[in-house]
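Q: In the numbering used here, the protein residues as written are 186 to 385.
The C-beta atom is built at its ideal place from N, Cα and C for all residues, glycine as well.
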Amino acid sequence: MSPHKSEPFLPFDEKVHKSFTVSQFLNRKLRWVTLGGQYDWTQKRYHPENPTFPADIAAFTQSLFPAMRPDAAIVNVYSPGDTLSMHRDVSEESDKGLVSISLGCDGIFVIGNCSEGDQDPECLIMRLHSGDAVYMSDSARFAWHGVPRILPDTCPPWLRSWPAKEDDGASTNDVTDLYEPWWGWMSSKRINLNIRQMTE
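1) Are the CB atoms of Gly331 and Ser315 within a distance shorter than 8 Å?
2) Give the single residue among Arg273, Val207, Tyr224, Ser373 whose Cα lies nearest to the Cα of Leu336.
3) Going by the DSSP bridge assignment, what does Met321 pair with across the sheet?
4) Would Val262 and Ile376 be called neighbours here (beta carbons separated by less than 8 Å)?
5) Out of Glu365, Gln382, Gly292, Glu385, point me to the one whose CA is closest to Ser187's CA.
6) Quick one: residues in its chain with C-beta nearer than 8 Å to the C-beta of Pro265, no 5 flanking neighbours on either side, listed in chain order?
7) Where does Met311 fall in DSSP's three states?
8) Thr318: which of Ala252, Phe197, Ile380 sits nearest, CA to CA?
9) Closest to Ser285 by CA distance: which of Asp267, Ala257, Asp305 is it?
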C-alpha cells in the first residue's frame with residue numbers, strides 16, 4: 186500500500202464514519218495501531234485473548250529493560266501539529282515500568298510526578314530525539330504524561346530518506362523497490378512505541 190494512492194479507504198461502518206483516500210489515511214488519519222494485547226476502549230480493559238507480541242520487538246525491549254515483559258504496545262503516529270493529552274496508563278494489572286521508544290521527528294514530552302493533595306507537583310519537560318528511550322518505573326509508572334508538541338523538520342537525515350537509495354539515486358535492492366513509494370514519508374513523522382506489561 187502506497188501513501189500516495191487515491192483510491193478510497195472504506196470504513197467498517199459508512200453510516201458512522203466517512204470514507205477517505207489511502208493517502209489521507211496514511212498521511213493524516215492514521216494516529217495509532219496496537220501490537221500484542223488489544224485494548225477495548227469502551228470497556229476500559231484488555232481483551233482476554235490477544236495476539237502474540239512481536240518477538241523481535243520483545244527481545245529488543247527486554248535487552249534494554251529486562252525487568253519488564255513486553256505484552257502490548259500502542260504505536261502512536263504523529264505529524265507536526267498533533268498532540269497527546271496528559272493521561273495516565275492505569276489499565277494494566279502490573280506495576281512494571283512502561284517503555285517509550287521514539288523514532289523520527291523530535292517531540293516534547295511532559296511528565297508530572299505527584300500524589301493526591303500535593304501542593305507542589307513536580308513536572309519534567311524533555312525533548313525526545315529519534316532513538317531515545319524513556320523507562321517510566323517506580324513512582325513514575327502511574328504519572329501523568331503527554332506530548333504537547335512535535336517539532337517539524339527534525340527527523341534525522343538517514344531516516345528522513347528511508348528507504349535508502351544509492352548515491353546515484355538507484356534503489357539498493359529489490360526489498361527497497363517494494364518500499365520506494367514510502368520514500369520521504371518519515372520526514373514529517375514521529376513514531377512512538379509505548380510498550381507495557383499487562384499482568385504480573
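A: Looking at the coordinates:
1) no
2) Ser373
3) Leu283
4) yes
5) For Ser187, the nearest C-alpha among the options comes from Glu365.
6) Within the same chain, Pro265 has close Cβ partners Cys290, Ile335, Leu336, Pro337, Ser373.
7) strand
8) The question names Thr, but residue 318 in the sequence shown is Ala. Each of Ala252, Phe197, Ile380 was checked against the Cα of Ala318, and the nearest Cα belongs to Ile380.
9) Ala257
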